[in-house]
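The block underneath contains the structure these notes are about, expressed in structure tokens.
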Amino acid sequence: MRINSRRRPQATEIGESTRRISELVSAVRSYSHLDQASMQNVDVSQGLESTLVMLRHKMPARVRVERRYGADVPTIDAHAGELNQVWTNLIDNAVDAMNGAGTLRLTTSHDDTGAGSGAVIVEIGDDGPGMPPEVAARAFEAFFTTKDVGKGTGLGLDIARRIVVERHCGTITIESKPGDTVIRVRLPLRQPSAG
Numbered sequence: 001m002r003i004n005s006r007r008r009p010q011a012t013e014i015g016e017s018t019r020r021i022s023e024l025v026s027a028v029r030s031y032s033h034l035d036q037a038s039m040q041n042v043d044v045s046q047g048l049e050s051t052l053v054m055l056r057h058k059m060p061a062r063v064r065v066e067r068r069y070g071a072d073v074p075t076i077d078a079h080a081g082e083l084n085q086v087w088t089n090l091i092d093n094a095v096d097a098m099n100g101a102g103t104l105r106l107t108t109s110h111d112d113t114g115a116g117s118g119a120v121i122v123e124i125g126d127d128g129p130g131m132p133p134e135v136a137a138r139a140f141e142a143f144f145t146t147k148d149v150g151k152g153t154g155l156g157l158d159i160a161r162r163i164v165v166e167r168h169c170g171t172i173t174i175e176s177k178p179g180d181t182v183i184r185v186r187l188p189l190r191q192p193s194a195g
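Residues in the sequence shown are numbered consecutively from 1, following the UniProt record's numbering.
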């Protein structure tokens, strides 16, 4: 079957749309992990990428994403769906802070200097206005928000902290100065044994 020249652009667009839908479905499956609530091996870089696909519709055209994923970053034992919620909250806040333009920085690295089997470090940074120390000190408190009424619940960072600290025995910290905010998540490679 031949496609005449007038329909070729439509066929190309259909093919491209099909590819995008397939990519979105794959990202939704990876992002949600609805059927996998238990601990599993998780690639944090893949989780960040799935989150970016899910948030693509909210990403302003003038926000550039800079990825620095370490080549030596191992998988970790984690609840993948919960970590994706963390990445969603952190990326969404960073994008909001940049007010439509700037650079979102995603960095992963392996820290094998500590006791035990080491950890994975995920840093999500932005070049928005930054947070004054008194705001950064309260950022992980439930219902604390600097957003206008109706724009935020003040729960995103609290939920992220609970998932990282209480569910994954990790740490989450903020470093902020004008033009540079970094949220650093440290997650152990293996979860402590219950018991």
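Don't be surprised by glycine CBs; every beta carbon is placed ideally from N, CA and C.
Which of helix, strand or coil DSSP assigns to residue i
i, result
"Arg-167", "helix"
"Asp-92", "helix"
"Val-65", "strand"
"Ser-30", "Legend: pLDDT at Ser-30 = 49, less than 50; position of this residue unreliable, value from coordinates given subsequently. In this structure, Ser-30 counts as helix in the three-state DSSP scheme."
"Ser-38", "coil"
"Gly-128", "coil"
"Gly-179", "coil"
"Pro-192", "coil"
"Asp-158", "helix"
"Ala-78", "strand"
"Val-86", "helix"
"Gly-118", "coil"
"Glu-123", "strand"
"Thr-145", "coil"
"Thr-12", "helix"
"Val-185", "strand"
"Thr-113", "coil"
"Ala-71", "coil"
"Gly-102", "strand"
Closest Cα partner of residue i within the set the options
i, options, result
"Pro-133", "Leu-104, Thr-12, Asp-180, Ala-101", "Asp-180"
"Ser-109", "Val-135, Ile-121, Asp-126, Pro-60", "Ile-121"
"residue 198", "Met-98, Thr-113, Arg-167, Val-165", "Given that the chain is displayed from residue 1 to residue 195, the structure contains no residue 198 and the question cannot be resolved."
"Phe-140", "Gly-81, Thr-171, Asp-112", "Thr-171"
"Ala-80", "Leu-48, Ile-91, Arg-56", "Leu-48"
"Leu-55", "Gly-118, Asp-96, Pro-192, Asp-112", "Asp-96"
"Asp-92", "Asp-72, Gly-118, Lys-58, Glu-82", "Lys-58"
"His-168", "Thr-113, Ser-38, Asp-112", "Ser-38"
Proximity test, residue i beta-carbon vs the ligand FMN heavy atom, cut-off 7 angstroms
i, result
"Gln-85", "Ligands are entirely absent from the displayed structure, and the ligand FMN is therefore not among its contents."
Whole-Å CB distance - residue i paired with residue j, under 8 angstroms assumed
i, j, result
"Leu-157", "Pro-74", "With 8 angstroms as the limit, Leu-157 and Pro-74 do not qualify as a contact, their Cβ atoms being about 27 angstroms apart."
"Val-86", "Ile-163", "5 angstroms"
Residues near residue i by beta carbon distance below 6 angstroms, same chain, minus five either side
i, result
"residue 198", "Residue 198 lies beyond the residue range present for the chain, which begins at 1 and ends at 195; the question has no answer from this structure."
"Ala-94", "Leu-104, Ile-124, Asp-126"
"Ile-76", "Val-42, Val-120, Leu-187, Leu-189"
"Glu-66", "Thr-103, Arg-105"
Sequence-distant residues of its chain with Cβ nearer than 7 angstroms to residue i (five each side left out)
i, result
"Gly-130", "Ser-176, Lys-177, Pro-178, Gly-179, Asp-180, Thr-181"
"Ala-136", "Ile-174, Ser-176"
"Arg-161", "Phe-140, Ile-172"
"Tyr-69", "Ser-45, Thr-108"
"Asp-72", "His-110"
Neighbourhood of residue i by C-beta distance below 8 angstroms, restricted to the same chain and skipping five residues each side
i, result
"Gly-100", "Pro-60, Arg-62, Val-63"
"Asn-89", "Gly-156, Leu-157, Ile-159, Ala-160"
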